[in-house]
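Here the sequence shown stands for residues 1 to 467, where the numbers follow this note's numbering.
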Amino acid sequence: MTPPEIDLPTSANGSAGSPLSASELEDLDRRHLIRSIQNGAITERVVVVRGEGCTVWDARGNELLDAAGGGVWHSPIGHGRRDMAEVAAKQMQSIEFFTSLLEFSNDKAIRLAARMAALAPEGIDRVAFSSGGSEAVETAIKAARLYHHRKGAPERTWILARHYSFHGATYGSGTLTGFPPMQFGVGPNLPHVEKLTPPHPYRTEMYGGQDTTDFLVAELEATIERIGAGNIAAMIGEPVMAGGGVLAPPADYWPRMQEVLRRHGILLIADEVVTAYGRMGEWFASPSYGMDPDIITLAKGIAGGYAPLGATLMRDEIADTLLGEGGFFHGYTFQGHPVACALGLETLDIIEREGLLDNAKRISGWLRDGLAAAADLPVVGDVRVEGTLGALELITNEQTREPMAWDAVIGAAFEVREAHGVIARAYGQCLVLAPPLIFTEEQAQTATAAVVEVLSRLRPDGTIAAR
Numbered sequence: 001m002t003p004p005e006i007d008l009p010t011s012a013n014g015s016a017g018s019p020l021s022a023s024e025l026e027d028l029d030r031r032h033l034i035r036s037i038q039n040g041a042i043t044e045r046v047v048v049v050r051g052e053g054c055t056v057w058d059a060r061g062n063e064l065l066d067a068a069g070g071g072v073w074h075s076p077i078g079h080g081r082r083d084m085a086e087v088a089a090k091q092m093q094s095i096e097f098f099t100s101l102l103e104f105s106n107d108k109a110i111r112l113a114a115r116m117a118a119l120a121p122e123g124i125d126r127v128a129f130s131s132g133g134s135e136a137v138e139t140a141i142k143a144a145r146l147y148h149h150r151k152g153a154p155e156r157t158w159i160l161a162r163h164y165s166f167h168g169a170t171y172g173s174g175t176l177t178g179f180p181p182m183q184f185g186v187g188p189n190l191p192h193v194e195k196l197t198p199p200h201p202y203r204t205e206m207y208g209g210q211d212t213t214d215f216l217v218a219e220l221e222a223t224i225e226r227i228g229a230g231n232i233a234a235m236i237g238e239p240v241m242a243g244g245g246v247l248a249p250p251a252d253y254w255p256r257m258q259e260v261l262r263r264h265g266i267l268l269i270a271d272e273v274v275t276a277y278g279r280m281g282e283w284f285a286s287p288s289y290g291m292d293p294d295i296i297t298l299a300k301g302i303a304g305g306y307a308p309l310g311a312t313l314m315r316d317e318i319a320d321t322l323l324g325e326g327g328f329f330h331g332y333t334f335q336g337h338p339v340a341c342a343l344g345l346e347t348l349d350i351i352e353r354e355g356l357l358d359n360a361k362r363i364s365g366w367l368r369d370g371l372a373a374a375a376d377l378p379v380v381g382d383v384r385v386e387g388t389l390g391a392l393e394l395i396t397n398e399q400t401r402e403p404m405a406w407d408a409v410i411g412a413a414f415e416v417r418e419a420h421g422v423i424a425r426a427y428g429q430c431l432v433l434a435p436p437l438i439f440t441e442e443q444a445q446t447a448t449a450a451v452v453e454v455l456s457r458l459r460p461d462g463t464i465a466a467r
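Given below as structure tokens:
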């Protein structure tokens, strides 16, 4: 593929002027940009300036295959689409923004909400828009607590989450996230949050020899007894734990967990920020994994990556209770943004028109086939593929299964990019893939072969042998 002409940004102070070189852009990045989830040891910069389909180009002209969905489980319909640009331009010429607070709304937000409700699991009919996944989870936390308060149970404030989960990086969502660095050193976190053990198909030693689901259901029952059922508002969980390393639960996990929650009047929040809208080959992953949620959080690909957009979906009873006497004193400036919602509608059309739910299922098979050879490598403890998500859990010792350090996993991801022009993602001790839903078989073969080749050179001490 021939890279499009690169029109680099202008002068160092941001005003119009002569183009900046790649080195100048990288230096300005280091000087001015604060990176989220940025390992301080990472000094390299890759300044992406163009994209087309599943390919992006950096400021140095390097062509890179995006096998990581924009790097964050994202970009389902690919990069640089003219049809999406035309939709955005048309909407901006009509109305670029007006508030969706109080009595105001706009036609695109209304149409998208109705479309999302029609695709959602049965009984989920109401939509609160936001700008991303963290905000969607914040809305879910407040909605669950306020719902119980309005129902005469103001003491129901506890939220159950799980270790290794990722639910966001804001105050509340960041507290629910099951990675300690998200909460470390920032003072008191959101109170009344309890973390449970997750289902993990590789680290089964944490269940003490018991059946995984038996152990986890017993833990849930014991936690509810300790905190008090009347004090718990909701449990939040992903159908598949993407951030935890593509962790899929046993088939009986969610049905049995939910039976306990229902018996105690505890709401279930399905975090589908990653898994919805085609990632798992379905519009929503919850039903396939045995979840019947009361609230669903969404973001990532619902506007194709072409604008920030998040949403919190909920049952009528919850929404009606929130909007009753006293109202739901909550909202975001850019909720229901008409341009983002117009792009959301077009994204759904593209997924349908191009058969991307079916292609996601094909991608899943291609990833399984391509990554199978990695299972025999000494540094690979486990290979997991769920839908279009793939994870290789890296270890330093086959007997002890000691996890590889994150810095070493980052080094492996860098080598995949430098040696093969493929973008993969380092996530804890896992190297992960999450390609766009338009990925072809040839691209899947290229990406998986690159990962396997680099891991074949990765040593247990984290160093990488020369090619």
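Note that the Cβ used here is the ideal one computed from N, Cα and C, for glycine as well.
Note that the structure is a prediction, hence the values are computed from the model and not measured.
Residue pairing by DSSP places Arg162 opposite Leu196 in a beta bridge. The beta-carbon separation of Ser131 and Gly310, rounded to 6 Å, stays under the 8 Å limit for a contact. Beta-bridge partners of Tyr427 (DSSP): Cys430. If you ignore the 5 residues before and after Gly230, its C-beta comes within less than 7 Å of the C-beta of Ala153, Glu155, Arg156, all in its own chain and listed in chain order. Judged by pairs of C-beta atoms under 8 Å, the region 177 to 191 does not touch the region 205 to 217, as fewer than three such pairs exist. Boundaries of the alpha helix (DSSP H) harbouring Trp254: 253 to 263, taken from the DSSP string.
Cβ-Cβ separation between Thr347 and Ile77: approximately 6 Å, consistent with a contact (criterion under 8 Å). Residue range 133 to 150 is occupied by the alpha helix (DSSP H) that includes Ser134. The three-state reading of DSSP puts Arg81 in coil, since its state is none of H, G, I, E or B. Here the region 109 to 128 makes no contact with the region 77 to 86; the two share fewer than three CB pairs at distances below 8 Å. The beta carbons of Ile269 and Thr297 sit closer together than 8 Å. Rounded to the nearest angstrom, the gap between the Cα atoms of Ala444 and Ile363 is 7 Å. Straight-line measurement puts the Cα of Val47 at about 29 Å from the Cα of Ser173.
For Gly290 and Lys195, the gap between their C-alpha atoms comes out near 21 Å. Within the same chain, and ignoring the five residues on either side of Phe328 in sequence, the residues whose Cβ sits closer than 6 Å to its Cβ are Leu322.
Counting only the Cα atoms, Thr223 lies some 26 Å from Ala136. When the Cα atoms are used, Phe104 and Gly336 turn out to be separated by approximately 10 Å. Separation of Ala161 and Ile141 (C-alpha to C-alpha, rounded to the nearest whole angstrom) is 11 Å.
The region 363 to 372 makes no contact with the region 409 to 427; the number of CB pairs closer than 8 Å stays below 3.
Buried is the label assigned to Met280, since at least 16 other Cβ atoms lie within 10 Å of its Cβ. Counting the other CB atoms within 10 Å of its CB gives Gln91 a total of 16 or more, which places it among the buried residues. Distance from the CA atom of Pro181 to the CA atom of Ile464, rounded to whole angstroms, is 27 Å.
In this chain, the beta strand (DSSP E) harbouring Thr297 covers 295 to 298. If you draw a straight line from the Cα of Phe129 to the Cα of Leu458, it is about 44 Å long. For Ser130, the three-state secondary structure derived from DSSP is strand. In the DSSP assignment, Thr175 falls outside any beta strand (DSSP E) and lies within the alpha helix (DSSP H) extending over 171 to 176.
DSSP places Met116 inside the alpha helix (DSSP H), whose first and last residues are 107 to 119. In the DSSP assignment, Leu313 falls outside any alpha helix (DSSP H) and within the unbroken beta strand (DSSP E) covering 310 to 315. The closest CA to that of Ser21, considering only Cys54, Asn106, Asp58, Ala248, is found on Asp58.
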